[in-house]
Each structure stands twice: as C-alpha cells, then as structure tokens.
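Reviewing the structure listed below.
Protein chains: 2
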Amino acid sequence: MDLDVIRELAITNDTKILLLVADGLGGLPHPDTGRSELEAANIPHLDRLADESMCGLTLPVGLGITPGSGPGHLSLFGYDPFKYTVGRGVLEALGIDFHLKPQDVAARGNFCTVDSEGRVTDRRAGRIPTEDCAELCADLSQIALRDVEIFVEPVREHRFLLVLRAEGLRDQLSDTDPQREGVVPPPVEALGPEAEATARLANRFVAQAAQRLNGRHPANMLLLRGFAKHPQMPAMGDICGFRAGAIAVYPMYRGLAKLVGMTVLPAGTTLQDELATLREHWHEFDFFFLHYKRTDSAGEDGDFEAKMAALEEVDAIIPELCDLEPDVLMVAGDHSTPAALRAHSWHPVPFLLRSRWAVPDRLSAFNERTCRGGSLGLFPATEVLPLAMAHARRLTKYGA
Amino acid sequence: MDLDVIRELAITNDTKILLLVADGLGGLPHPDTGRSELEAANIPHLDRLADESMCGLTLPVGLGITPGSGPGHLSLFGYDPFKYTVGRGVLEALGIDFHLKPQDVAARGNFCTVDSEGRVTDRRAGRIPTEDCAELCADLSQIALRDVEIFVEPVREHRFLLVLRAEGLRDQLSDTDPQREGVVPPPVEALGPEAEATARLANRFVAQAAQRLNGRHPANMLLLRGFAKHPQMPAMGDICGFRAGAIAVYPMYRGLAKLVGMTVLPAGTTLQDELATLREHWHEFDFFFLHYKRTDSAGEDGDFEAKMAALEEVDAIIPELCDLEPDVLMVAGDHSTPAALRAHSWHPVPFLLRSRWAVPDRLSAFNERTCRGGSLGLFPATEVLPLAMAHARRLTKYGA
Chain S
1 MDLDVIRELA ITNDTKILLL VADGLGGLPH PDTGRSELEA ANIPHLDRLA DESMCGLTLP
61 VGLGITPGSG PGHLSLFGYD PFKYTVGRGV LEALGIDFHL KPQDVAARGN FCTVDSEGRV
121 TDRRAGRIPT EDCAELCADL SQIALRDVEI FVEPVREHRF LLVLRAEGLR DQLSDTDPQR
181 EGVVPPPVEA LGPEAEATAR LANRFVAQAA QRLNGRHPAN MLLLRGFAKH PQMPAMGDIC
241 GFRAGAIAVY PMYRGLAKLV GMTVLPAGTT LQDELATLRE HWHEFDFFFL HYKRTDSAGE
301 DGDFEAKMAA LEEVDAIIPE LCDLEPDVLM VAGDHSTPAA LRAHSWHPVP FLLRSRWAVP
361 DRLSAFNERT CRGGSLGLFP ATEVLPLAMA HARRLTKYGA
Chain U
1001 MDLDVIRELA ITNDTKILLL VADGLGGLPH PDTGRSELEA ANIPHLDRLA DESMCGLTLP
1061 VGLGITPGSG PGHLSLFGYD PFKYTVGRGV LEALGIDFHL KPQDVAARGN FCTVDSEGRV
1121 TDRRAGRIPT EDCAELCADL SQIALRDVEI FVEPVREHRF LLVLRAEGLR DQLSDTDPQR
1181 EGVVPPPVEA LGPEAEATAR LANRFVAQAA QRLNGRHPAN MLLLRGFAKH PQMPAMGDIC
1241 GFRAGAIAVY PMYRGLAKLV GMTVLPAGTT LQDELATLRE HWHEFDFFFL HYKRTDSAGE
1301 DGDFEAKMAA LEEVDAIIPE LCDLEPDVLM VAGDHSTPAA LRAHSWHPVP FLLRSRWAVP
1361 DRLSAFNERT CRGGSLGLFP ATEVLPLAMA HARRLTKYGA
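Residue numbers (my numbering), protein chains in the order written: chain S, 1 to 400; chain U, 1001 to 1400.
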C-alpha cells in the first residue's frame, strides 16, 4: 500500500504492535530428510502461534528476486524496495555504525591484488585478516585532499568503507570495481555532469591510495563500488502516527531502523538482552521492531543444525513476547537464507500475525509448507505494515 | 484490469450478468461460538451455490484497508478506487437523491454547538432530531449570496448537505470541521489559487449562517467538510458495451450506480420489491447490480443475530435469481461489516461466481473460511468485472 495512503488513514490509539524479524527465516528441505530447518526444529511455541494466527508467505521484493538486507527490511517496514533504495556504500556505513552526514558520499571498498600491469588478479586480496585491513585503513586515512574530509574505516577482512565529506558532493558515480579479474580497474566516472567534481576527487583519492598500497602485496590496490549518499526517507512514525522503537544487536539493522526514523534502543549482545530491552521500554513505544540475526548467519554458513538451534532460541522467547500482550504480534523474516544454499534466497518467507481481530488459520505448524496454506497466501511484504495497523485499529476508513 | 483494456476487448452478445451485492457481507467469528455470521446463519441456497461456483475472497481496496461505501462499490464495478474517488459532499448528495449538476460544489455539513468564544463544544449538536435539522436547513436556504444559488438540505439528525451552484466554482477547499472539540472552526481555505473565489463564497455563507444560528443552542453553528464536485467517470455501459441496470433501495447506492452510468430502476422498499423489479426489467438489460443493505446495517448495529437473519433473507431469494437463468451469477460484498466490530472492516469478502464456463470449486459452504480455499483465492475486487465479462463471453482475445 502506498505510504501516502497509510499517512492519510493513520489514526492513533494505545495499541501495541510487535514485529519480530528472524533474519533469513525461511529455508529449504534438507536433502537427506526432506524437512526444512523450520520443519526439523523443535519450535512448539511458534507452532502454537500458527494455530492461533493468520498466516502466509511474504514476498520481500518479487517472485524470484533475492533481497539484500536493505530491501528485505524496508519492505517489512512498508517501504517499496524499488522506490526507496539504500546504496551499497550507505549500507556499509550503517553496518559499522558510522554516522553519515547528509553531505557525505560513501563507497564500499575492497583491498585487492593487481599484477605489474595493474590488472586485478584477486578482487579480495586473499581475504587479508581484519587487523591488516585496519592497518591499511589507518594509513589511507592520512591521505589529504583539498576541500574534502576523508574517512577510511575497516569493515572485515578485505572490506572497508570510504567516506568523502564536503558540501556539494554527488553520488552519480561509476564503480572502479570491474567485478572480474584480468582487467585494470577503470577510473571513477561521473554519471552526470553535476558529479564531475566529485569524480575527480574520488580519482585523486584512488591515485594517492594506489601509491601508498604499491608493493604491499597482496593488498596492493583497492576497488570502490556503490557510491551513495544517505537516502531521504519519510519517517515511519510520521506516516503511521506512532512511536517506533528498534531493538537489534547488529549495527546494520539498527542503521536500517534509523533510516526509517525509528528510535534505536540499546540492545546488548544476546536475544535475552534484547528481550530485557523490550520489557524495559514496553510502555514508551507503540511499534517495536525486534531483530534476531543468528537464523541468517547459520543459513549463510550452510549449517542446518545451527539454523535449527537458532530457530529454537527464537521459539523459546515467544511465551515471553506473548506475556507482554501486544495487540498485534507478528513473526516474519526479511528473506529466506536456506542452509542448503549458504546464501540469501528468493524463496517466500513464513509469516504470522496474531491479533484479536485476525481469524486464526488453525495451522498445525509454522513453516514454509503450512504457511503457504494460510489465509494470507503469498503476499507482498510491503503489506505487512498496513495489515499490522489495521489489526491494531490504527487505520480509519478509506473514502466515504 | 485497466478499464481501457476492457473497453478494447469488450464484445456484445445476449448473455446476462447478475451481480448481487450484500452490503457488508463478510463477518468475524462470534466470540462465544467461533462461528461467523455466514457460518452461523442457515443459508442452504448460498451453500449450494458455493458447491456449484468458483469462489474466493475479494480485496476491495487493499490488505488492511477498510473501504467506505464509495470505494467498496466502485471496485466491484471495475473502477480503481484510488483513481476514481467520490468526495464526501458528493456521496452525501447521492445519499438523499439530490441531483448534482456538473458545476455544483457539494459539502457535508454538521450542525454543532459552540461556546461564547466560538469554540466547538459538541461537533454533532447533541444529535438534534431530524425535524429540527430540516427546520434549520429551511432557514439557511434563505441565505442569498450574489451570483450563486444555494441549497441546504437536511440529511439526518445533525447532518445536512450544502450545495453551491454557479459557473466556475472549484472544490479545492479545506474543511471548517476541525474534527475535534475545544477549538474555533477555521475558515474555508483555497487549496489552490483558482479556488479562492469559491472559498470567499463559502466563507460568506458560513458568516451569514452563523448569524442565523446564533442563540439557537445546541445547533448554534455549523461545520463543513468534504467539498467536492461530481466526478467524471467513464460509463460502465460504454466500457463494457452493455446496458447496465441498478436496483437498490437506498439512495446512496442508486447514486453510486448513477455515477458509473447505470440506469437506476425503481426498487421499492423491500428485497421482494427489488426482486419484482429485476423480473420486470430482466429483458431490458445485460448487467444487473442488485443491492441489499440490511447485512451492513445489522453489522454496524453490532447485532449478530440480525445479520444472520439478513443473510437468511438474501439466501431465500437465491432460487428465484437462479430461475432467471443468468449466464453469470455473482454474490459479492462491497466490504465486510462484522457485528463484532460494529463497523466496516478491512477483512476480505466472500465471493462466488456461477457460470457454465466456471469450474465449480465444490466448497461445502459459503463463508469467509471456505471461500479462502476457493479457486480465486484472495483477489482484488476490481477484477470482478473482467471475470464476469469473460464468463459471459463478452471479452475477446487480447493480442493476436
């Protein structure tokens, strides 16, 4: 639903909405047993919720489209992932809690290896240790260019964040990462005349960085991609007329929540910490986004058992979430991360919504197979927000 | 489906389509029994139709969106409820059979109570009796302004209709109804420079009305909202190449049918009267819209038993509708009105379509739960029209 329509119809009351996002929730059948992670895990509380809730499968972006973390979450927050995009550079900044200013241009950087002709021989510089990355970043941070402040921040292994800070910078810039080996990295090109000054600046940075990296094999060069400025997004709280609080252990998810104007609460490091935060701030917000990461990490590791265990950890807190008596309780995922694929995937994601005003689907369990038969069927994740608001009685009638 | 596509593909033949709209058809489980109004009612004929028909749940506007009567019906008639909107003032005029001319601007009025400082203390003037409203309207009708004709028509209790008639009027005007008490009603403001003359006119009317109402506690002031002109909509008959007839007891639904160019037939006051009209005019039209109101009224009253009784009244005429042998018979609702909510709601609405060319879903009953499993699943109400035309063999092939 268009956010302008939601804005027009939103009314306030004292109901509470709780959205639990188990990152990468959906999975695929294990080749030996034919059962998915959700089917194999022991999740009695989620199964009981499926009995008491309205269920379905969310489509984060579209059939066949594998979402990154940005679009996966923005959809669940009601934002059309094609209209509201978060550049790679910005996502990288969010991921390390780097506070971007409106004038900043951020890019994702890779240290890489080039041969004597300057051709890329390893796009990831043999995945150098993170400590080496930090040392290189400290060195590159000393590059001084006129009229611009430069930040080079280590992320992990060969990955880093570059931020250029000055008034008037533009982000319509091409990548220097050729996405393949055997070629010389191209210069940054302006994708419009207004970005030419910024392109020159970025190329001056690259030239100086190349000098400093020269001879430091395997990280003797760098690649930049995803130049982006912090996007302007309407605040969820302004659209929906509620106070939205976010609880997430990982910075990237806190950053995504901040992008849509949520108040980010201190979350600690474990799910129990997150739960304690939720309890402590329960009376301060109308909408809570509670993020759990391990389901996704285990999937990306291809560790079926670890993903089962993560699902069981989520399951164990369900009774405590129910004890808070949210008017609308939802369990969702931003995308699927099947252990069998060791990656995000395009598969629709199990979803449930429990509310006094939702007719229970009486499903016997909560998983990919059962949710397909839920009353919501297969539906766009962007509809989660209007559904939540309707069941919290926070939307008035459309039209007379 | 886009109406232009339907227009392009429409062909004529001698088939007949009958759309029975039970207003507010969908419901919710009764808290004591867990059964909805449709599940609890004794509706053997509708249940048999569910066995013989293609079924599903219509989504009038979108997931989570509660439709007003305007959007709910326009969707069923095939009109995108976001593209074609009917202002509050126009709907109010339709509801009392006031014939708006193209140059008219209509507004919904409330008599209200203000204190000595002019602040609203009761937005509904204690819901004065309709007779008092009529008397006040007669008085306000005597207000004379240069270059404009004024109509002030009673609706019900504190509600009335204001119509300004003159060439060149615009409806981009703000409300004087502050939607809350304790504040002085703001003046009408032009929402664009071209509406300034109309705004001045409306404010002159308000000033004179305030003088006349002064001292007539509790109705000592008025509030205006939803200024609107009669919208221009393509006629359904032109799009579909058929003659469309409407049978509805309540003026608002006759008005909505008129908006989309249907011929409004005299309907009497009961469902039996409507049925008699249908029989009498059966050979004159290709498409019939038959509207039944009591399902909605009972739901709005929160009267579960009355809604059951209303559904049983609808059920009783099904054999007679079948006896007419329509090529396509559809039973639909413009929205749900669960007795449990005492209001329109966002819940999808049971739907069935019986035709020689529709494979029967063999559902055991006609209700929210069974229709969810019908072959149409959850689908936009705007698709009802193309489905009806297809099954009436009134749409030719798209593309070669």
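C-beta atoms are modelled at their ideal positions from N, C-alpha and C, and glycine is treated no differently. These numbers were taken from a predicted model, which means no experiment stands behind them.
Short of 7 Å from the beta carbon of residue 1088 of chain U, and not among the five residues preceding or following it, lie these beta carbons of its own chain, in chain order: 1108, 1225, 1226 and 1228. Annotation: residue 363 of chain S to residue 1372 of chain U spans about 14 Å, alpha carbon to alpha carbon.
Neighbourhood of residue 1 of chain S in chain U, by CB distance below 9 Å: 1061, 1062, 1063, 1064 and 1065, in chain order.
Looking at S/283, S/366, S/177 and S/231, the one whose alpha-carbon comes closest to that of residue 15 of chain S is S/283. For residue 1368 of chain U, the chain S residues whose C-beta falls within less than 8 Å of its own C-beta are 359, listed in chain order.
Apart from sequence neighbours up to five positions away, the residues of its chain that approach residue 12 of chain S with a beta-carbon distance below 6 Å are 241, ordered along the chain. Residue 1006 of chain U sits in a helix when the DSSP states are folded into three classes. By the Cβ test, the region 53 to 64 of chain S is in contact with the region 371 to 385 of chain S, since at least three Cβ pairs between them sit closer than 8 Å. With at least 16 other beta carbons inside 10 angstroms of its own, residue 292 of chain S counts as buried. Short of 6 Å from the beta carbon of residue 384 of chain S, and not among the five residues preceding or following it, lie these beta carbons of its own chain, in chain order: 76. DSSP, read as helix, strand or coil, puts residue 1042 of chain U in coil.
Nearest to residue 346 of chain S by C-alpha distance, out of S/334, S/353 and S/250, is S/334. Annotated three-state conformation of residue 145 of chain S is strand, per DSSP. Taking residue 48 of chain S as reference, the option from S/382, S/366 and S/153 with the minimal CA-CA separation is S/366. Rounded to the nearest angstrom, the gap between the Cα atoms of residue 1166 of chain U and residue 1071 of chain U is 28 Å. The C-alpha of residue 158 of chain S is placed about 7 Å away from the C-alpha of residue 130 of chain S. Following the DSSP letters along the chain, one finds residue 105 of chain S inside the beta strand (DSSP E) bounded by residues 105 to 114. Judged by DSSP in its simplified three-state form, residue 1053 of chain U adopts coil rather than helix or strand.
The three-state reading of DSSP puts residue 221 of chain S in strand, counting E and B together.
Interface annotation, residue 1028 of chain U: in contact with chain S, CB-CB separation under 8 Å. Just measuring C-alpha positions, the residue of U/1218, U/1378 and U/1066 sitting nearest residue 393 of chain S is U/1066. Distance between residue 1297 of chain U and residue 1081 of chain U, taken at the CA atoms: about 23 Å. DSSP places residue 1318 of chain U in the helix class (H, G or I) of the three-state scheme. In the DSSP assignment, residue 237 of chain S falls within the alpha helix (DSSP H) that extends over 236 to 240. DSSP places residue 1085 of chain U outside any beta strand (DSSP E), giving it a letter other than H or E. Going by DSSP, residue 380 of chain S is part of no alpha helix (DSSP H) but of the beta strand (DSSP E) stretching over 377 to 380.
One Cα belongs to residue 61 of chain S, the other to residue 332 of chain S, and the distance between them is close to 14 Å. Residue 1265 of chain U places its beta carbon less than 8 Å from that of residue 1281 of chain U. For residue 122 of chain S, the secondary structure class from DSSP, reduced to helix, strand or coil, is strand. With 16 or more other Cβ atoms inside 10 Å of its own Cβ, residue 399 of chain S counts as buried. The DSSP-derived three-state label of residue 345 of chain S is strand. Minimum Cα-Cα distance from residue 1100 of chain U among the listed residues U/1259, U/1286 and U/1114 corresponds to U/1259.
Beyond the five residues adjoining it in sequence on each side, residue 1344 of chain U comes within less than 6 Å, by CB distance, of 1066, 1335 and 1337 in the same chain, given in chain order.
DSSP, read as helix, strand or coil, puts residue 1261 of chain U in coil. Around the beta-carbon of residue 1319 of chain U, fewer than 16 other beta-carbon atoms lie within 10 Å, marking it exposed. With a threshold of 16 other beta carbon atoms within 10 Å, residue 147 of chain S falls short and is exposed.
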